[in-house]
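There are 2 protein chains.
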Amino acid sequence: MSRKPMVRPGGRSARVQQSVHAAVRELETEVGRDALTVPLVAARAGVTPSTIYRRWGDLQELMSDVAVERLRPELPPEDLGGLAADLTAWAEHFLEEMSSSAGRAYIRDALLGDPDGTNAGQCSAYAAEQIETILSRAAARGEQAPAVERVVDRVVAPMMYRILFRPGTETLDAGYAARLVESLLATPGS
Amino acid sequence: MSRKPMVRPGGRSARVQQSVHAAVRELETEVGRDALTVPLVAARAGVTPSTIYRRWGDLQELMSDVAVERLRPELPPEDLGGLAADLTAWAEHFLEEMSSSAGRAYIRDALLGDPDGTNAGQCSAYAAEQIETILSRAAARGEQAPAVERVVDRVVAPMMYRILFRPGTETLDAGYAARLVESLLATPGS
DNA sequence: CCACTAACGCAAACAGTTAGCTTTTATTGG
DNA sequence: CCAATAAAAGCTAACTGTTTGCGTTAGTGG
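Protein sequences, first through last, are from chains A and B.
My numbering puts the first residue of the first sequence at 1, with every later residue one more than the last.
My numbering puts the first residue of the second sequence at 191, with every later residue one more than the last.
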């Protein structure tokens, strides 16, 4: 979903893509992320290495594609009946997922093999969608809600920054996420 | 400065490190980032490839080391006589440097070949140092200054998030940096 | 000044990558 | 529905980057 024109999405191409993605996920749990190679994935997927090289370019771009799939939220955020509760719960959940070693690995992979930034943009879009849902609900209730951009700047960005640039910092608990949301909602204006 | 114990920092080891780093910088301008390979760098540096593989592991970790060096600020932030002016000027400068294509490439490299997060932490520390200097000056003047952590969360993190996750977004100008600082200083409390 | 050992050079074996060509198979138009 | 077309995959061989064992060099500490 990043480099290939995908001009022929049906039939065999689709099957190959699915089997290759499946092979990556399987092998990742069996032999570990670092032991993955293109020939290994190709063998498991039942294709030749050159097929993978031609469609994805290299292992990093393939891993980036798979990582983005894994970072896609599968459920809409929970509705707890209020903006503060919804946002806090979502932020805590987001932080817990992303700051785990698995989550961090996926974020790294997504950023890594992403020359044009398409996959990174997709990750950001996922978070924005979830937030949008929460804010729309709040507006429907008549609550005064901030803009999505503000939530991203004040809640998502600080968490991501700490995950990426300050590993080992132990302040990455639910309390931190809650404080970010609280601080955001305390100043309705700018 | 990331993986090697550097138990023997003097003499030959230091010379090799310098010539390898210099070779990377030279070749980067000559043939471009994407054309760099370990054997190429080794030849330019006058060492054998195995030396690089043993000390750095792979090309990514080497590039990460070099990138961190380039991201180190060479000057302390300018003193304009006031906290708001100092922070705004610094944030604008920071954003301009980091959002350039060269800056983004260095950030990516620094994050990329960094298994334990040491280099990423170093980047974060550089920014924190600069901010610390500005805040200390403000305190010396008797101005009320926020904590470094707050500046990182409210100013640095949002800029970095947009650089990494939202490429192509056109709101990465000086005005954005200024607004972040303004918003931060508008709420002295939390 | 000598013993010790980390780090480097060298070279061969290994593994991942690239490229040319052939074959298969969606797709498109008659 | 069938033929023509071209995209995508298979195959294989050449290529290039990576790993590893061993001998040598040169800092380090006694």
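The beta-carbon is built from N, C-alpha and C at its ideal position, and this holds for glycine as well.
How far does the alpha helix (DSSP H) with residue i in it extend, from its first residue to its last?
i	result
threonine 88/A	83–99
aspartate 343/B	Careful: aspartate 343/B lies outside any alpha helix (DSSP H) and carries neither H nor E.
aspartate 255/B	249–261
threonine 227/B	Counting along the chain, threonine 227/B falls outside any alpha helix (DSSP H), and DSSP gives it neither H nor E.
leucine 354/B	347–355
threonine 51/A	49–56
So, helix, strand or coil for residue i, using DSSP?
i	result
aspartate 304/B	coil
leucine 185/A	helix
serine 203/B	helix
glutamine 208/B	helix
methionine 191/B	Because the pLDDT at methionine 191/B is just 42, under 50, the model does not fix this residue reliably, and the value given afterwards should be weighed accordingly. Coil.
alanine 45/A	helix
glutamate 216/B	helix
leucine 265/B	coil
methionine 6/A	Because the pLDDT of methionine 6/A is 44, which lies under 50, any placement of that residue in the model is unreliable, and the question is left without a value.
threonine 133/A	helix
aspartate 173/A	coil
alanine 335/B	coil
glycine 358/B	coil
leucine 180/A	helix
List the residues of chain A that residue i touches, going by C-beta distances under 9 Å, in chain order.
i	result
threonine 241/B	The premise fails here: threonine 241/B is roughly 23 Å from chain A at the closest Cβ pair, so nothing lies under 9 Å.
leucine 277/B	What leucine 277/B touches in chain A: nothing, since even the nearest Cβ is about 16 Å away.
alanine 215/B	Residue identity check: residue 215/B is arginine in the sequence provided, not alanine. Chain A residues near arginine 215/B: none, gap ~22 Å exceeds 9 Å.
Residue i to residue j, Cα distance in whole Å?
i	j	result
leucine 185/A	isoleucine 163/A	23 Å
valine 197/B	valine 210/B	Note that valine 197/B scores a pLDDT of 48, beneath 50, so its modelled location is shaky; the value from the coordinates is reported in the next line. Cα-Cα distance, rounded: 18 Å.
arginine 12/A	isoleucine 107/A	30 Å
alanine 128/A	leucine 230/B	43 Å
arginine 233/B	glutamine 320/B	Note that residue 233/B corresponds to alanine in the displayed sequence, not to arginine. Whole-angstrom Cα-Cα distance: 37 Å.
serine 183/A	alanine 347/B	15 Å
tyrosine 366/B	glutamate 26/A	43 Å
glycine 332/B	glutamine 208/B	44 Å
proline 305/B	glutamate 339/B	25 Å
leucine 252/B	cysteine 313/B	16 Å
glycine 46/A	isoleucine 52/A	11 Å
glycine 272/B	valine 371/B	13 Å
proline 239/B	aspartate 248/B	10 Å
aspartate 79/A	alanine 91/A	13 Å
alanine 145/A	phenylalanine 165/A	30 Å
aspartate 224/B	leucine 302/B	14 Å
methionine 349/B	alanine 279/B	14 Å
glycine 222/B	arginine 294/B	15 Å
proline 357/B	tyrosine 316/B	23 Å
threonine 169/A	glutamate 220/B	39 Å
arginine 193/B	serine 136/A	Because the pLDDT at arginine 193/B is just 44, under 50, the model does not fix this residue reliably, and the value given afterwards should be weighed accordingly. Approximately 48 Å between the Cα atoms of the pair.
leucine 226/B	alanine 300/B	16 Å
List the residues of chain A whose Cβ lies closer than 7 Å to the Cβ of residue i, in chain order.
i	result
proline 348/B	Asp153 and Ala157
arginine 356/B	Gly121 and Ser124
threonine 377/B	Thr187
So with CB distances below 7 Å, who are the chain B contacts of residue i?
i	result
glycine 117/A	Pro357 and Gly358
alanine 112/A	Residue 112/A is actually leucine in this sequence, not alanine. Going along chain B in sequence order, the residues near leucine 112/A (Cβ under 7 Å) are Leu302.
Give a single yes or no on whether residue i has its beta carbon closer than 7 Å to a heavy atom of the ligand MG.
i	result
isoleucine 324/B	The ligand MG is absent from the structure shown, which contains no ligands of any kind.
For residue i, go through chain A and note every residue whose CB falls closer than 8 Å to its CB, in chain order.
i	result
tyrosine 296/B	Residues of chain A passing the Cβ test: none, with the nearest at roughly 13 Å.
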